[in-house]
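Residue numbers (numbering that gives the first Met the number 0), protein chains in the order written: chain P, 0 to 341; chain B, 0 to 341; chain U, 0 to 341.
The structure appears right after this line, and notes come after that.
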Amino acid sequence: MEFTVQQIADLLQGTVEGDKSAKVNTLAKIEEANTGALAFLANPKYEAFLYSTNASAVIVSDKLEIKKAISAALIRVADPYSSFSSLLQYYQQALIAAKTGVEEPCFIGKDSQIGDNHYRGAFSYIGHNCKIGDNVRIFPQAYIGDNVQIGDNTTIFAGVKLYANTVVGSNCTIHSGAVIGSDGFGFAPQPDGTYKTIPQIGNVVLEDDISIGANTTIDCATMGSTVIRKGTKIDNLVQIAHNVEIGANTVVASQTGISGSAKIGNNCVVAGQVGIVGHISIADKTTIGAQSGVSKSVKETGTIIQGSPAFDYKQNLRAMAVFRKLPELQRELELLKDKMAN
Amino acid sequence: MEFTVQQIADLLQGTVEGDKSAKVNTLAKIEEANTGALAFLANPKYEAFLYSTNASAVIVSDKLEIKKAISAALIRVADPYSSFSSLLQYYQQALIAAKTGVEEPCFIGKDSQIGDNHYRGAFSYIGHNCKIGDNVRIFPQAYIGDNVQIGDNTTIFAGVKLYANTVVGSNCTIHSGAVIGSDGFGFAPQPDGTYKTIPQIGNVVLEDDISIGANTTIDCATMGSTVIRKGTKIDNLVQIAHNVEIGANTVVASQTGISGSAKIGNNCVVAGQVGIVGHISIADKTTIGAQSGVSKSVKETGTIIQGSPAFDYKQNLRAMAVFRKLPELQRELELLKDKMAN
Amino acid sequence: MEFTVQQIADLLQGTVEGDKSAKVNTLAKIEEANTGALAFLANPKYEAFLYSTNASAVIVSDKLEIKKAISAALIRVADPYSSFSSLLQYYQQALIAAKTGVEEPCFIGKDSQIGDNHYRGAFSYIGHNCKIGDNVRIFPQAYIGDNVQIGDNTTIFAGVKLYANTVVGSNCTIHSGAVIGSDGFGFAPQPDGTYKTIPQIGNVVLEDDISIGANTTIDCATMGSTVIRKGTKIDNLVQIAHNVEIGANTVVASQTGISGSAKIGNNCVVAGQVGIVGHISIADKTTIGAQSGVSKSVKETGTIIQGSPAFDYKQNLRAMAVFRKLPELQRELELLKDKMAN
Numbered sequence: 000m001e002f003t004v005q006q007i008a009d010l011l012q013g014t015v016e017g018d019k020s021a022k023v024n025t026l027a028k029i030e031e032a033n034t035g036a037l038a039f040l041a042n043p044k045y046e047a048f049l050y051s052t053n054a055s056a057v058i059v060s061d062k063l064e065i066k067k068a069i070s071a072a073l074i075r076v077a078d079p080y081s082s083f084s085s086l087l088q089y090y091q092q093a094l095i096a097a098k099t100g101v102e103e104p105c106f107i108g109k110d111s112q113i114g115d116n117h118y119r120g121a122f123s124y125i126g127h128n129c130k131i132g133d134n135v136r137i138f139p140q141a142y143i144g145d146n147v148q149i150g151d152n153t154t155i156f157a158g159v160k161l162y163a164n165t166v167v168g169s170n171c172t173i174h175s176g177a178v179i180g181s182d183g184f185g186f187a188p189q190p191d192g193t194y195k196t197i198p199q200i201g202n203v204v205l206e207d208d209i210s211i212g213a214n215t216t217i218d219c220a221t222m223g224s225t226v227i228r229k230g231t232k233i234d235n236l237v238q239i240a241h242n243v244e245i246g247a248n249t250v251v252a253s254q255t256g257i258s259g260s261a262k263i264g265n266n267c268v269v270a271g272q273v274g275i276v277g278h279i280s281i282a283d284k285t286t287i288g289a290q291s292g293v294s295k296s297v298k299e300t301g302t303i304i305q306g307s308p309a310f311d312y313k314q315n316l317r318a319m320a321v322f323r324k325l326p327e328l329q330r331e332l333e334l335l336k337d338k339m340a341n
Numbered sequence: 000m001e002f003t004v005q006q007i008a009d010l011l012q013g014t015v016e017g018d019k020s021a022k023v024n025t026l027a028k029i030e031e032a033n034t035g036a037l038a039f040l041a042n043p044k045y046e047a048f049l050y051s052t053n054a055s056a057v058i059v060s061d062k063l064e065i066k067k068a069i070s071a072a073l074i075r076v077a078d079p080y081s082s083f084s085s086l087l088q089y090y091q092q093a094l095i096a097a098k099t100g101v102e103e104p105c106f107i108g109k110d111s112q113i114g115d116n117h118y119r120g121a122f123s124y125i126g127h128n129c130k131i132g133d134n135v136r137i138f139p140q141a142y143i144g145d146n147v148q149i150g151d152n153t154t155i156f157a158g159v160k161l162y163a164n165t166v167v168g169s170n171c172t173i174h175s176g177a178v179i180g181s182d183g184f185g186f187a188p189q190p191d192g193t194y195k196t197i198p199q200i201g202n203v204v205l206e207d208d209i210s211i212g213a214n215t216t217i218d219c220a221t222m223g224s225t226v227i228r229k230g231t232k233i234d235n236l237v238q239i240a241h242n243v244e245i246g247a248n249t250v251v252a253s254q255t256g257i258s259g260s261a262k263i264g265n266n267c268v269v270a271g272q273v274g275i276v277g278h279i280s281i282a283d284k285t286t287i288g289a290q291s292g293v294s295k296s297v298k299e300t301g302t303i304i305q306g307s308p309a310f311d312y313k314q315n316l317r318a319m320a321v322f323r324k325l326p327e328l329q330r331e332l333e334l335l336k337d338k339m340a341n
Numbered sequence: 000m001e002f003t004v005q006q007i008a009d010l011l012q013g014t015v016e017g018d019k020s021a022k023v024n025t026l027a028k029i030e031e032a033n034t035g036a037l038a039f040l041a042n043p044k045y046e047a048f049l050y051s052t053n054a055s056a057v058i059v060s061d062k063l064e065i066k067k068a069i070s071a072a073l074i075r076v077a078d079p080y081s082s083f084s085s086l087l088q089y090y091q092q093a094l095i096a097a098k099t100g101v102e103e104p105c106f107i108g109k110d111s112q113i114g115d116n117h118y119r120g121a122f123s124y125i126g127h128n129c130k131i132g133d134n135v136r137i138f139p140q141a142y143i144g145d146n147v148q149i150g151d152n153t154t155i156f157a158g159v160k161l162y163a164n165t166v167v168g169s170n171c172t173i174h175s176g177a178v179i180g181s182d183g184f185g186f187a188p189q190p191d192g193t194y195k196t197i198p199q200i201g202n203v204v205l206e207d208d209i210s211i212g213a214n215t216t217i218d219c220a221t222m223g224s225t226v227i228r229k230g231t232k233i234d235n236l237v238q239i240a241h242n243v244e245i246g247a248n249t250v251v252a253s254q255t256g257i258s259g260s261a262k263i264g265n266n267c268v269v270a271g272q273v274g275i276v277g278h279i280s281i282a283d284k285t286t287i288g289a290q291s292g293v294s295k296s297v298k299e300t301g302t303i304i305q306g307s308p309a310f311d312y313k314q315n316l317r318a319m320a321v322f323r324k325l326p327e328l329q330r331e332l333e334l335l336k337d338k339m340a341n
């Protein structure tokens, strides 16, 4: 995709200074931009880059005073940052919207429905009795098991695996390699030391506006549903066990693991590599620091915890500060003992 | 699948009280059940739900005395929990057994054999010289490399990747996205700072009755085999490095990593997010707490360890209890020093 | 593949003692070898195995003095270890080189080029406008998005996913299930508690001689590129976030996570399950111990750190040694206090 500076200015309702016919084909940061790139300047701290950038065009404030010669064309708008953000969104949507139609071979089972304006990539698989909405993009080699439901405007990237009976809402994005609905890890120990498999017949329900990262795994419930509520964003390589419930607008960073039947509230922030034990509840607006191990329920809204096992964030910071000095502390104690003994 | 209450009762050798012709099409917990669901009551603690449940039928003990009106039909049996467990198993087996036959297109190489009553999903790939047993289900987009052997009754879910020469036993379940037999992480540092790849020509051997979770990775041995013994259960997103050996009936929870050439005993329990360094041995019946880092061999059967680095579980608990109070401890020590100085 | 002992000796420019026509079809360690295997003896410590091995042939030093009867044929060479290493490499290369040609069905988009002597497995997908070099092996069910570039001699194993615009150098190996170029985890919190997706329009650039492990995820840059430099080796299940840069000849072990915009130097060693926070820099030749949490930049070349949060390796060891004894330390402090009080 290539546009003239004037075309971009028209889109943003801005005005051009410089070469209106210059062509741009990508977006870049002003300090990294090369010929053909469109950049923006919102933060005055970066103004020096405006005079040295190789960008073909830069979006700037209509109030900016120019102090030196500039090689790039300027597009003046009221709010450069939000104009640029809009462009980013147009750009990404255009890339995905460009994918439409059906590439062969692909597989669709009996009694499955799929809405208008969809994309089904080659080697994608849709089982029996599926209900899939409008404007859904199913990339190559994705697997949609039997009886799966998917809402409108959802994107399923290449190689995603949705087990039978999974329910996915509208406006969701599921990244490559994510596995949704695999069996919960349920095995009953037997007297002879072996384990008997506990059948897992539940499913996974993802509500609307959810994002699931690459290679994340979400197990189905033993019975009932593992549920992730509206607007929650899950990063890559996260493990969500059977019967977990995660509230709305919660963010879970990479490589975190949430054990069976744990309940996470709304608007929580769970940092990376956190572990949460099973059968506990985490209150709304809880923040959990990276690499924490959460072994108890968090009852109070807005709590911040850290550590393994996790406790109050500030208290943990103070304890860690002393931890580093433990050898000195020990030495001082020895000295005191010696003094006392004399 | 839909059944009448009488049909279920016949299957369980139970007796019906109430509407014998009521229809059930799913299984649910008594506190969550809706119309069409069959639930059970085993624990007297939950008896109140019996009088309020929306389930169409409930399996109860033949000794239970009814105290109020109940809308659901009752199926009376000797042991409600084990009857319900049997139903769960029938249900799950019926779902999987329903998958049979060959969906096209799928790929099978030269000189590969596959037994009776199998399922091969669309876009599944079987290489050359494979030997695959009876009643094996290979879901869509699974990859079975050359010379792979798979025993009877094993299920390979969608998108599993088995590298060439992998051996999988009977009655195994491998979940979507698992990668078995990828190269071990072996690189020899060179004098110029670069790394030379050490060829990895071994394989992975999974014995019978093994379960492998979604997106778990098991590397092949440098030479010889990475081995997992009979009955062991591995959760999602676990990393098992080259030449590791895991004994029988051991359970490894999600996101644990086991480094090269480590040997784990029989009947161990390894919790989530544990790291185990290479070339050590862990005795039978060892329990390793979540997020532990195991840096030394465990020699005594039945040891319980915790922490990073891991040591005795109780000792770790006590040390962690003091850790939280380190700032107070430090203050007290300062006070003592001051007193002594006066 | 089967060879006579004489054929192997000719290849290695060695001389045979014993049965020149004995046949070998695999390589094994001397202590594990069975009939048909070729082993080696380099370390005198293992000489006892030479007299008991079931190997059909053993590569030994031309200086070795034989003390007892040996059933295996011997191949005498100047340096047994390096001769054996060469054989391992021939063996692995032969296995991969054996894969050539195109298995149907596979998909290739418009205006995509692929060089000579390639392998494209069944159900592999190549999008539009891709440029792929010579001797490239693309295994079954791999996904190569639009506009991807891949250099010569690179191997893409089964089920790898390369998002659109990814750049992969020459002599790279990417293992099954790796996802390269998925969206960075970028969401802007809104006043109403919801999150707005920040479009991710950058890409991932892997330079030459890079190895990526199974099920590892590397996110694209928000703008610009997430970059991994020449010769770096990444293990399984590693998470590399948007806009990360990793230098040359760095090794990153399994299950480590590197957050957005972090910069890792050249020749670093990052052990397993490490977490590195975003926007920090790690100096060249830094070593980071397993399960560490790195929260600050490392400025000095050659630093060794450990712990969560990570600090100087030796200091951490000393602090951990005292940590274990914290209950005793506390008791001693109490005793001192009591003494002082009397």
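Note that CB positions come from ideal geometry on N, CA and C, so glycine has one too.
So, under 8 Å CB-CB, E46/P and L40/P are touching, yes? Tell me the CB distance rounded to an integer number of Å.
That belief holds up - the Cβ atoms of E46/P and L40/P are roughly 7 Å apart, short of 8 Å.
DSSP three-state label for A320/B, please.
Helix at A320/B.
Suppose contacts are defined by Cβ-Cβ distances below 8 Å. Is R323/B in contact with Q314/P by that definition?
For R323/B and Q314/P, yes; Cβs fall inside 8 Å.
So, under 8 Å CB-CB, I143/B and G132/B are touching, yes? Tell me the CB distance rounded to an integer number of Å.
That belief does not hold up - the Cβ atoms of I143/B and G132/B are roughly 13 Å apart, past 8 Å.
Per DSSP, which residues does P188/P bridge with? Please list them.
Beta-bridge pairing links P188/P to Y194/P.
If we define contact as Cβ-Cβ less than 8 Å, is L328/B a contact residue for chain U?
Judged by the 8 Å Cβ criterion, L328/B is in contact with chain U.
How about V269/P and V251/P: are their beta carbons less than 8 Å apart?
It is a contact, given that the beta carbons lie within the stated cut-off.
Quick one: grab the DSSP three-state call for Y50/P.
The answer is coil: DSSP assigns Y50/P none of H, G, I, E or B.
Under 8 Å between beta-carbons, which chain U residues line up against E299/P? List them in chain order, please.
Result: empty, since nearest Cβ-Cβ is about 18 Å, beyond 8 Å.
Which class does I65/B belong to by DSSP, given the choice of helix, strand or coil?
Looking at I65/B - three-state DSSP - the assignment turns out to be coil, as it is neither helix nor strand.
Would L334/U be called buried (16 or more neighbouring beta carbons within 10 Å of its own) or exposed?
Burial call: exposed.
In chain B, which residues lie less than 8 Å from F322/U when you measure between Cβ atoms?
Residues of chain B passing the Cβ test: A318 and F322.
Can you tell me where the alpha helix (DSSP H) with L37/B in it begins and where it stops?
Not the alpha helix (DSSP H): L37/B falls in the beta strand (DSSP E), residues A36 to F39.
From the DSSP output, in three-state form, read off G4/U for me.
With the sequence shown as reference, residue 4/U is identified as Val, and Gly is not the correct amino acid for it. Reduced to three states, the DSSP call for V4/U is helix.
Determine whether the beta carbon atoms of S253/P and V243/P lie at a separation below 8 Å.
Result no, Cβ atoms of S253/P and V243/P do not sit closer than 8 Å.
Which residues in the same chain as A157/U place their Cβ atom closer than 6 Å to its Cβ, once the five residues preceding and following it in sequence are excluded?
Closer than 6 Å at the Cβ level, and outside the excluded window around A157/U, lie F138, P139, Q140 and S175.
Of all Cβ atoms in chain U, is any one closer than 8 Å to the Cβ of S258/B?
Judged by the 8 Å Cβ criterion, S258/B is in contact with chain U.
Secondary structure at R330/P, three-state DSSP: helix, strand or coil?
Residue state, collapsed to three classes: helix.
Near A340/B, which residues of its chain fall below 8 Å by C-beta distance, leaving aside the five closest residues on each side in sequence?
Around A340/B: no qualifying Cβ.
So, is D208/U buried or exposed, given that buried needs 16 or more other C-beta atoms within 10 angstroms?
That one is buried.
Helix, strand or coil: how does DSSP classify F106/B here?
In this structure, F106/B counts as strand in the three-state DSSP scheme.
Kindly indicate which three-state DSSP category Q91/B falls into: helix, strand or coil?
Three-state DSSP puts Q91/B in a helix.
By the 8 Å beta-carbon criterion, what residues does the stretch 253-287 of chain B contribute toward chain U?
Those would be Q254, G256, S258, Q272, G274 and V276, in chain order.
Alpha carbon to alpha carbon, how far is I415/B from E206/U?
Residue numbering for chain B in the displayed model covers 0 to 341; residue 415/B lies beyond these limits and cannot be assessed.
Note down, one range per segment and in chain order, each beta strand (DSSP E) of at least 3 residues found wholly within the stretch 130-213 of chain U.
Listed in chain order, they are 178-181, 186-188, 194-196 and 202-205.
May I ask which residues mark the beginning and end of the beta strand (DSSP E) holding S60/P?
A56 to S60 is the span of the beta strand (DSSP E), which, as asked, contains S60/P.
For E31/P, go through chain U and note every residue whose CB falls closer than 7 Å to its CB, in chain order.
Per Cβ cutoff of 7 Å: G223.
Quick test of your reading: L325/B and L332/U, contact by CB under 8 Å. State the CB separation rounded to the nearest angstrom.
The Cβ separation is near 11 Å, so there is no contact.
Would N128/U pass as a contact of N146/U if the rule is Cβ separation under 8 Å?
Yes.
Check whether the Cβ atoms of K232/P and Y194/U lie closer than 8 Å to each other.
For K232/P and Y194/U, yes; Cβs fall inside 8 Å.
Nearest to K44/B by CA position, among N33/B, I29/B and G35/B, is which residue?
For K44/B, the nearest C-alpha among the options comes from I29/B.
Closer than 7 Å by beta-carbon distance: list the chain B residues that pair up with D182/P, in chain order.
Simply H174.
Please identify, using Cβ separations under 8 Å, the residues of the stretch 94-108 of chain P that lie next to chain U, in order along the chain.
Within the stretch 94-108 of chain P, the residues whose Cβ lies closer than 8 Å to some Cβ of chain U are L94, E102 and P104, listed in chain order.
Do S260/U and Q290/P have their beta-carbon atoms positioned less than 8 Å apart in this structure?
Cβ atoms of Q290/P and S260/U: not closer than 8 Å.
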